[in-house]
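These protein sequences, in sequence, are chains A and B. Per our numbering, residue 1000 is the first one in the first sequence, and the count goes up by one each step. Per our numbering, residue 3 is the first one in the second sequence, and the count goes up by one each step. A virtual CB, placed ideally from N, CA and C, is assigned to each residue, including glycine. Just below is one structure, and these are the notes that go with it.
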Amino acid sequence: MKIAVCIKQVPGTMQVDIDPDTGVLQRAGISAKMNPYDLYALETALRLKQQVGAHVTAITMGPPQAQAIIKEAYMMGADEGVILSDTRFAGADVLATSYTLAGGLSKLGGFDLIICGKQTTDGDTAQVGPAIAEHLNIPHVAWVKTIEHMEEKSIVVEQNMEDSLEVVRMSYPCLISVEKDIYTPRLPSYLNKKKTRNKQISVLTLDDLSDQSEENYGLSGSPTQVERVFSPQPRDDHTTWDCEQVDGAELLYDLLATEKFI
Amino acid sequence: MASIRVDNSNCDLCGDCIAVCPFDAIEQTEDTIQINAACKMCNLCIEACPRSAIQITQDTQSVNKDEWRGVLVFAEYFEGKVHPVTFELIGIGKKLAAQVGMKTHCLLIGYNLESTAQMLLTYGIDTVFVYDDERLLRFSADTYTNVFEDIITTLKPSIVLVGSTSIGRSLAPRVSTRSRTGLTADCTTLTIKQNTDLVQIRPAFGGNIMAQIITENHRPQFATVRYKVMDCAPVVAPFGSIEYADVTDKMTDTKIEVLRVIAKDAAPSITDADVLVVAGQGVKDKSDLALIEDFAHALNGELAVTRPLVEKGWSDYTRQIGLSGRTVKPKLIITCGVSGAIQFAACMNASEIIIAINTDKTAPIFKIAHIGIVGDLYEILPSLIEKIQGDCEYAI
Ligand SMILES: Cc1cc2nc3c(=O)[nH]c(=O)nc-3n(C[C@H](O)[C@H](O)[C@H](O)COP(=O)(O)OP(=O)(O)OC[C@H]3O[C@@H](n4cnc5c(N)ncnc54)[C@H](O)[C@@H]3O)c2cc1C
Ligand SMILES: Nc1ncnc2c1ncn2[C@@H]1O[C@H](COP(=O)(O)O)[C@@H](O)[C@H]1O
């Protein structure tokens, strides 16, 4: 069984500011870490490895410093690590990100199961997983809450829907994106840290992928373009009304209706 | 966008490409090789061809926006109900369409949909496209994507709106990817330019900044929107029509089999709730908590309490907000008879909208409340609950 886990490096804090004059994001000096939701994806792969035996590959697309999270994945127990890194991948939206990751996954080849986190804390779209599955033409189930069991040709999982849980069987190869709390992520082990200190990380660039047309990657492969970013208007108005003067129930009713709570 | 072409003059019809294609997208006709619409641009044939006769060519021509018309709303139908986000998508969809003279349509997928399709028409929809088949009874990302692809190729909509629900967020990225176009998730504001470009605003970095996004050179433009962000469309005299589309075996072919459906026992948690109503010591008797709870439920929210109420044994510790309880950050929090001590306030003051009801106008809670009501909860709440329950719920 071959399992791939998609992990991403994200800023250590989401407290980003915008320069009020230039409108440019100020991200300097912000530490980076593994997307917390991807720890659950990685843990899921490692549990399956313990249960049924599997080779676990951690894969990420990002700048060279994103190797840090592959090292972290090694310390948790991943067998192999791959980073897709190329300046031509920069500026990718959902389509281009998923296309690049799908390209890397096909290049490595032979995965029975691909596991993604529920969402990232910076992109925050929860869309990359299903999009990867579409590029690879394999089925996917999102919001996986429990893995019931693994069969020879398929996996049985519990999918978390709005008002119900659905138990579904899906044949390999396939992709799942897992919910937070599916398993408690293990801590990186000191023993693994020592063992994997010099473990190699494969680097793939655009030249290693089968589609080499630059137009399909990074900014130029991204149909969506950010026109501008701005700070949200915080709610800092405070008004106090006295029921001696107004009808409190009526006032609240109108307010709740305007804010669409009723 | 890129496309794949075969240089037939260089091809010796060895058939390697046909054998390697996972999508049956390559056909041999007489003495040429053709690539059909099933091609997913996986490029396996390019690598397989021994004579390098298959190439990728770049289509630099930008999209013809006039060919793509109309707003298509995905009417999410699940377990016999239309998800209420649908009516909000119709509301914004109709506004956008009106500004550039386009129509608004719905896509309805499921089984036994006739009355639902009729109901959708009362929201002022031009055409409801219905894919009604027993095999589509339950959502599955692969079959629903196939159906979606069918309507996109036949209708060619300019804009596609999908709810940011469990289903919508699993479906929309697949469909937009298949259409090789952009998708903007969780938009909070949508406007339209005269050239039909959709201006999409969404929060990024956990809501710390807002990004304005456009999909300039691709159609359709996909956006997802969360429930309770847009205004619901008003009910009108129906004028549109219902069109039943064919459901083919190919569309319903699936690798995902639903084995069991388990209803969720809604174990409410105050940390997850979007709306909280908090009872403090202004509530005089344990039995009066029912009033606060009724109010919370009328808003689809949860009851929370201050510490003294837990100490009196009136409520469970899991509902306590504060330093020795839980921290909450709901969209709306309404405190009833809560003074607003720092140990309480510090753990709820990041909430989006804070409303306080308290008889004492000097209570500290009024310093953090966005809307303060100086008044008696026993007078305000009963008539407010009555007003809310007088409103009719969403149909079907
Ligand atoms: C170390 C420490 C930790 C603590 N941790 C917590 C904690 O986790 N959570 C917590 O809640 N507290 C905590 N406390 C206690 C906190 O200091 C307050 O005592 C408590 O929050 C007060 O609760 P209250 O607002 O419900 O009651 P009160 O302070 O008694 O306020 C009741 C309010 O109701 C109003 N009122 C009365 N009748 C009406 C009416 N008919 N209509 C409308 N309003 C009315 C009154 O004007 C008054 O303002 C902690 C304290 C300490 C020292
Ligand atoms: N750059 C990336 N590299 C690897 N995996 C990614 C990347 N971006 C997103 N993912 C995966 O897709 C999931 C959803 O991401 P998102 O759509 O950005 O919320 C993440 O939890 C990851 O598993």
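Around the Cβ of N66 (chain B), are there at least 16 other Cβ atoms within 10 angstroms (buried) or fewer (exposed)?
Result: exposed.
Tell me, please, whether the CB atom of T191 (chain B) is closer than 8 Å to any CB atom in chain A?
Output row for T191 (chain B): interface = no.
Can you list the residues near ligand 2, meaning Cβ strictly closer than 7 Å to any non-hydrogen atom, in the order they appear in the chain?
Ordered along the chain, residues surrounding ligand 2 are A:C1005, A:I1006, A:K1007, A:N1034, A:Y1036, A:D1037, A:A1040, A:I1058, A:T1059, A:M1060, A:G1061, A:V1093, A:T1096, A:L1100, A:C1115, A:G1116, A:K1117, A:Q1118, A:T1119, A:G1122, A:D1123, A:T1124, A:A1125, A:Q1126, A:V1127, A:G1128, A:S1176 [Cβ under 7 Å from any heavy atom].
Tell me, please, whether the segment 341 to 360 of chain B touches the segment 369 to 376 of chain B by the rule of three or more beta-carbon pairs shorter than 8 Å.
Segments in contact, yes.
In or out: V330 (chain B) buried (at least 16 other Cβ within 10 Å) or exposed?
Buried, since its Cβ has 16 or more Cβ neighbours within 10 Å.
Any beta-carbon of chain A closer than 8 Å to the one on Y380 (chain B)?
By this cut-off, Y380 (chain B) is not an interface position.
One question on the structure: do V8 (chain B) and A50 (chain B) come within less than 8 Å of each other, judged by their Cβ atoms?
It is not a contact, given that the beta carbons lie outside the stated cut-off.
Looking at the unbroken beta strand (DSSP E) that takes in G112 (chain B), where does it start and where does it end?
106 to 112 is the span of the beta strand (DSSP E), which, as asked, contains G112 (chain B).
Shorter than 8 Å from the beta carbon of E295 (chain B) to some beta carbon of chain A?
Among the CB atoms of chain A, none fall inside 8 Å of the CB of E295 (chain B).
Is the closest heavy atom of ligand 1 to the C-beta of L325 (chain B) under 7 Å?
At a threshold of 7 Å, L325 (chain B) counts as near ligand 1, since its beta carbon sits closer than that to one of the ligand's heavy atoms.
Enumerated in chain order, which unbroken segments of the alpha helix (DSSP H) with a length of 4 residues or greater are wholly contained in the segment 1064 to 1113 of chain A?
Here the runs fully enclosed are 1066 to 1075, 1093 to 1107.
Do you know whose CA, among B:F241, B:K266, B:A174, B:S289, lies nearest F76 (chain B)'s CA?
Residue B:A174 is the option with its Cα nearest to F76 (chain B).
Is any heavy atom of ligand 1 found at a distance shorter than 7 Å from the C-beta of R1185 (chain A)?
Distances from the CB of R1185 (chain A) to the heavy atoms of ligand 1 are all 7 Å or more.
Interfacial residues, the segment 1088 to 1109 of chain A to chain B, with Cβ spacing under 7 Å
When CB distances to chain B are screened at a threshold of 7 Å, the residues of the segment 1088 to 1109 of chain A falling below it are D1092, V1093, L1094, S1097, in chain order.
Would you tell me roughly how many angstroms separate the C-alpha atoms of T1120 (chain A) and P1035 (chain A), rounded to the nearest one?
About 8 Å.
Would you verify that the beta carbon of E69 (chain B) is, or is not, closer than 8 Å to some beta carbon of chain A?
Closer than 8 Å: no.
Whose CA, out of A:T1056, A:M1075, A:I1069, lies closest to the CA of G987 (chain A)?
Residue 987 (chain A) cannot be examined here, being either before or after the span of chain A that is shown, 1000 to 1261.
Nearest-angstrom Cβ-Cβ length linking T273 (chain B) and R228 (chain B), presumed shorter than 8 Å
Contact doesn't hold; Cβ gap of about 18 Å is too wide.
In chain order, what residues of the same chain lie with their CB nearer than 8 Å to the CB of I1058 (chain A), ignoring the 5 residues before and after it?
Close CB contacts of I1058 (chain A) within its chain, under the 8 Å cut and outside five residues either way in sequence, are with A1003, V1004, C1005, I1006, G1080, V1081, I1082, L1083, L1100, G1103, L1104, L1107 (chain order).
If you draw a straight line from the alpha carbon of G324 (chain B) to that of V280 (chain B), how long is it in whole angstroms?
Each residue's Cα considered, the two are about 11 Å apart.
Heavy atom of ligand 1 within 7 Å of I335 (chain B) beta-carbon
In this structure, I335 (chain B) has its CB at a distance of at least 7 Å from all heavy atoms of ligand 1.
Closer than 7 Å: is that where the CB of S289 (chain B) sits relative to any heavy atom of ligand 1?
False, no ligand heavy atom lies under 7 Å from that Cβ.
Could you tell me whether the Cβ atoms of L334 (chain B) and E313 (chain B) are closer together than 8 Å?
With a cutoff of 8 Å on beta-carbon distance, L334 (chain B) and E313 (chain B) are scored as not near each other.
Taking the CB atoms as reference points, tell me whether V73 (chain B) and S160 (chain B) lie closer together than 8 Å.
The beta carbons of V73 (chain B) and S160 (chain B) sit closer together than 8 Å.
Go ahead and label Y396 (chain B) buried or exposed: buried means 16 or more other beta carbons lie within 10 angstroms of its beta carbon, across all protein chains shown.
Here the model assigns Y396 (chain B) a pLDDT of 42, short of 50, so the residue's position is not dependable, and the following value carries that caveat. So Y396 (chain B) counts as exposed.
My output table needs one value for Q1199 (chain A): the three-state DSSP class, helix, strand or coil.
Coil, per DSSP.
Close beta carbons around D1173 (chain A), own chain, < 6 Å, minus the five adjacent residues each side
Note on residue identity: the sequence assigns Cys, not Asp, to residue 1173 (chain A). Taken in chain order, the residues that qualify are I1137, P1138.
Is F89 (chain B) helix, strand or coil by DSSP?
DSSP, read as helix, strand or coil, puts F89 (chain B) in helix.
Return the CA-CA distance between L91 (chain B) and H107 (chain B), expressed in angstroms with no decimal places.
Taking the straight line joining both Cα atoms gives about 11 Å.
Helix, strand or coil for R1168 (chain A) per DSSP?
In this structure, R1168 (chain A) counts as strand in the three-state DSSP scheme.
CA nearest to the CA of L98 (chain B), picked from B:K195, B:T256, B:V177
Ranking the options by Cα distance to L98 (chain B), first place goes to B:K195.
Just to check, is the beta-carbon of A169 (chain B) closer than 7 Å to a non-hydrogen atom of ligand 1?
According to the sequence as given, residue 169 (chain B) is Ile; it is not Ala. Because no heavy atom of ligand 1 lies under 7 Å away, the Cβ of I169 (chain B) does not count as near it: no.
For T1187 (chain A), which residues in chain B fall below 7 Å Cβ to Cβ?
One detail in the question is off: residue 1187 (chain A) reads as Pro in this sequence, not Thr. None at all; the shortest Cβ gap to chain B is about 25 Å.
Limits of the beta strand (DSSP E) - the one that N351 (chain B) falls within:
The continuous stretches of beta strand (DSSP E) do not include N351 (chain B), and DSSP gives it neither H nor E.
Could you give the C-beta distance for T256 (chain B) and T145 (chain B), rounded to a whole number, given that I count them as a contact under 8 Å?
Contact flag correct, Cβ pair sits at about 5 Å.
CB-CB length for D296 (chain B) against I387 (chain B), believed under 8 Å:
The pair is a contact, with the Cβ atoms about 6 Å apart (cut-off 8 Å).
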